[in-house]
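Student: Sharing a structure with you now.
In the working numbering, the protein residues as written are 362 to 585.
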């Protein structure tokens with residue numbers, strides 16, 4: 362587990378927690394690690410969740426399926442990031458989405474009860490951990506509101522430009538890489554893949570963007 366401390370230091374739940382204290386926390390929380398193959402489900406919709414997950418290596422997608430079985434990608438979770446915290450801390454602990462490994466992945470699991478309940482050793486860093494957890498949940502809500510902003514746009518073009526502009530702002534560069542292929546991006550934005558591909562070509566031909574696979578460049582800037 363010590364091999365992953367540098368990754369965990371990048372995780373918001375461990376913000377401002379010293380290296381040695383993270384090691385103590387993992388012991389205090391009885392952290393456990395599991396491996397998942399690409400395509401394997403980490404959690405399924407309807408699961409009773411009492412543990413949040415942290416991606417140590419690999420990548421998982423948070424996916425919601427509609428009545429017809431079509432997937433909508435809610436979020437892309439990469440190394441050092443957290444998932445399932447909302448379900449773990451909710452009243453009934455029921456997960457409303459699927460969590461699927463999209464690459465061979467190693468996941469660290471933490472029991473939510475041990476996060477919010479001081480241990481017998483009354484570890485000083487527990488207060489910091491709880492404060493960080495509140496921040497993590499608040500940030501996740503902000504992220505979901507951002508996605509809601511994308512899918513509430515009327516047209517595929519507006520959804521694309523809004524998403525790409527935010528990616529450019531997040532990286533502070535006109536050139537950036539997105540974490541999705543075309544099919545995944547269409548699912549994430551809740552648009553038809555063919556229509557989205559056509560809009561991308563129109564935006565390119567209009568001199569607004571250039572792209573190659575998942576590498577993009579914004580040639581024009583727009584107000585949000």
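Positions of the beta carbon are idealized from the N, C-alpha and C atoms, including for glycine. Being a predicted model, the structure only gives us computed values, none of them experimental.
Assuming residue 438 and residue 455 form a contact by the criterion Cβ under 8 Å, report the distance between their Cβ atoms to the nearest whole angstrom.
Tutor: As a working mapping, residue 438 is identified with position 77 in the chain shown. As a working mapping, residue 455 is identified with position 94 in the chain shown. Wrong, their Cβ atoms sit about 19 Å apart, outside the cutoff.
Student: What is the DSSP secondary structure of residue 585, reduced to helix, strand or coil?
Tutor: Stepping through the chain shown from its first residue, residue 585 is reached at position 224. Note that residue 585 has pLDDT 48, beneath the 50 cutoff, so the model's placement of it is unreliable and no number is given.
Student: Buried or exposed for residue 577, please, with buried defined as at least 16 other CB atoms from any protein chain shown within 10 angstroms of its CB.
Tutor: Residue mapping note: residue 577 aligns to position 216 of the chain shown, counting from 1. Residue 577 comes out buried.
Student: Helix, strand or coil for residue 415, going by three-state DSSP, please let me know.
Tutor: Residue numbering aside, residue 415 sits at position 54 when the chain shown is read from its first letter. Residue 415 falls in the strand class under three-state DSSP.
Student: So within the stretch 443-513, which uninterrupted beta strand (DSSP E) runs reach at least 3 residues, ignoring any that extend past its ends?
Tutor: Given a length threshold of 3 residues, each whole run of the beta strand (DSSP E) inside the stretch 443-513 is given here in chain order: 459-462 and 466-472.
Student: With a threshold of 6 Å on Cβ separation, who are the neighbours of residue 365 within its own chain once the five nearest residues in sequence on each side are excluded?
Tutor: As a first step, residue 365 must be located in the chain shown, where it is residue number 4. Correct list, in chain order: 417.
Student: Could you round the C-beta distance between residue 469 and residue 394 to whole angstroms and report it? I think they count as a contact, below 8 Å.
Tutor: Within the chain shown, numbered from 1, the residue matching residue 469 stands at position 108. Within the chain shown, numbered from 1, the residue matching residue 394 stands at position 33. Yes, residue 469 and residue 394 are in contact; Cβ-Cβ is about 5 Å, under 8 Å.
Student: Using a threshold of 8 Å, state whether the C-beta atoms of residue 498 and residue 544 are closer than that.
Tutor: Taking the chain shown and counting its residues from 1, the one referred to as residue 498 is at position 137. Taking the chain shown and counting its residues from 1, the one referred to as residue 544 is at position 183. Going by C-beta atoms, residue 498 is not nearer than 8 Å to residue 544.
Student: With distance defined between alpha-carbon atoms, name the residue in 425, 555, 531 and 526 nearest to residue 571.
Tutor: The count along the chain shown starts at 1 and reaches residue 571 at position 210. For the residues 425, 555, 531 and 526, the minimum Cα distance to residue 571 belongs to 526.
Student: Where does residue 523 sit, in a helix, a strand or coil, going by DSSP?
Tutor: As a working mapping, residue 523 is identified with position 162 in the chain shown. Helix.
Student: Do the CB positions of residue 521 and residue 564 come within less than 8 Å of each other?
Tutor: Sequence index remark: in the chain shown, residue 521 carries index 160 (1-based). Sequence index remark: in the chain shown, residue 564 carries index 203 (1-based). Yes, they are a contact pair.
Student: Can you tell me the Cα-Cα spacing of residue 401 and residue 569, whole angstroms?
Tutor: One-based indexing of the chain shown puts residue 401 at position 40. One-based indexing of the chain shown puts residue 569 at position 208. When rounded, the distance between both Cα atoms is 38 Å.
Student: Residue range of the beta strand (DSSP E) that residue 547 falls in?
Tutor: Taking the first residue of the chain shown as position 1, residue 547 is located at position 186. Element bounds for residue 547: not the beta strand (DSSP E) but the alpha helix (DSSP H), 543-550.
Student: Can you tell me where the beta strand (DSSP E) with residue 401 in it begins and where it stops?
Tutor: Within the chain shown, numbered from 1, the residue matching residue 401 stands at position 40. Premise fails: residue 401 is in no beta strand (DSSP E) and is neither H nor E.
Student: Let me check one thing: in DSSP terms, what residues is residue 393 bridge-paired to?
Tutor: Along the chain shown, read from residue 1 onward, the residue named residue 393 stands at position 32. Per DSSP, 470.
Student: Would you call residue 562 buried or exposed, if buried means 16 or more other Cβ atoms sit within 10 Å of its Cβ?
Tutor: The residue given as residue 562 occupies position 201 in the chain shown. Residue 562 is classed as exposed because its beta carbon has fewer than 16 other beta carbons within 10 Å across all chains shown.
Student: Following the continuous beta strand (DSSP E) through residue 426, name the residue where it begins and the one where it ends.
Tutor: Sequence index remark: in the chain shown, residue 426 carries index 65 (1-based). Where residue 426 is concerned, the enclosing beta strand (DSSP E) stretches over 420-426.
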